[in-house]
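Structure, as structure tokens:
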Amino acid sequence: MAHELAPLPYPKDALEPHIDALTMEIHHGRHHKAYVDNLNKAIAGTPVEALSIEALIGNLAGVPDAIRGPVRNNGGGHWNHTFFWNLLGPGKGGTPTGDLGAAIIAAFGSYADFQAKFEAAGIGRFGSGWAWLVVNGGKLEIVSTANQDNPLMGKAIAGCEGTPILGVDVWEHAYYLKYQNLRAAYLKAVWNVVDWGRVSALHAAALHADAT
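For what it's worth, my numbering labels the leading residue of the sequence shown as 283, then goes sequentially.
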């Protein structure tokens, strides 16, 4: 079956004032949709046409050479954005608690230190890309990737590895309408809409997977 663009899990204006409705409309309805459409075009009639998005981007070496670039870019864009939308929500934010909160303090010293290091990863990504919090070998790490790469693609391709539990888009189309060139201000605003309950569930699942 062709890959599909799922609707946003909340109204496009639900993340106001931190992420504006027009940005959400363009980001999801145009940019994300283009990744899905271009991915479907690239894989149509090929041996990988029926694979899930996770199978595609998690084993790019198994994708035919002729379409590997388009699958990497558009498949990555599809997975990354789907992941991103589902980790945001109205009335969220706050501070992570429980096992995740403890793991963040153990790894980074404090929640404030974690925020600063995560923001630095996003600000320091030259051009377009993503900042990630991953579980790697049972431990939390902050990494960043270029373009639409993600840690699931592996170190040889993305320059990092691990299971993503939080990802933030730092392409200009994610913030430019509201924040112009102030990427740092956008990254600070995102904390107000991160759904730490979902991130905690992903953290627990990743730890379980690493242990088995």
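All C-beta atoms in this analysis are idealised placements derived from N, C-alpha and C, irrespective of residue type, glycine included.
Selected residue, minimal CA-CA separation from residue i, among the options
i    : options                : result
R428 : P378, G380, S410, A343 : In the sequence under discussion, the amino acid at residue 428 is Ala, which differs from the Arg named in the question. Comparing Cα-Cα distances from A428 to each of P378, G380, S410, A343, the minimum goes to S410.
A384 : V472, F396, I301, G344 : F396
M435 : I335, N341, D319, P378 : N341
L338 : N320, D319, G358, K323 : G358
A467 : L484, V417, E401, R354 : E401
G311 : G420, I405, D431, A456 : A456
N320 : P289, L304, G344, R354 : R354
I447 : N356, W414, G419       : W414
W473 : D431, Q430, G371, W453 : G371
P346 : V425, G375, A324       : A324
G376 : L484, A471, F408, A483 : A471
A403 : A487, K315, I301, I424 : I424
N362 : A389, D451, P289       : D451
H360 : E336, D477, A394, A486 : E336
G373 : G380, H285, P293       : P293
Short CB-CB distance (under 8 Å) between residue i and chain C
i    : result
H455 : Looking for chain C here will not work: only one protein chain is present.
First through last residue of the beta strand (DSSP E) which encompasses residue i
i    : result
K460 : Element bounds for K460: not the beta strand (DSSP E) but the alpha helix (DSSP H), 458-461.
E423 : 421-428
I301 : Element bounds for I301: n/a, residue is neither H nor E.
Status (buried if at least 16 other CB within 10 Å, exposed otherwise) for residue i
i    : result
P378 : buried
K437 : exposed
G391 : exposed
S334 : exposed
F366 : buried
D381 : exposed
N463 : exposed
Segment limits, alpha helix (DSSP H) that includes residue i
i    : result
G411 : Careful: G411 lies outside any alpha helix (DSSP H), inside the beta strand (DSSP E) at 411-418.
T328 : From DSSP, T328 is part of no alpha helix (DSSP H); its letter is neither H nor E.
D431 : Element bounds for D431: n/a, residue is neither H nor E.
E401 : 393-406
G263 : Because the chain in this structure spans residues 283 to 494, residue 263 falls outside the shown range and cannot be described.
For residue i, the residue or residues it bridges with in DSSP
i    : result
L370 : V476
Next item on the list: Any chance you could list the beta strand (DSSP E) runs of at least 3 consecutive residues sitting entirely within the region 440-479, in chain order?
Entry: Those beta strand (DSSP E) runs which fall completely within the region 440-479 and span 3+ residues are 445-451.
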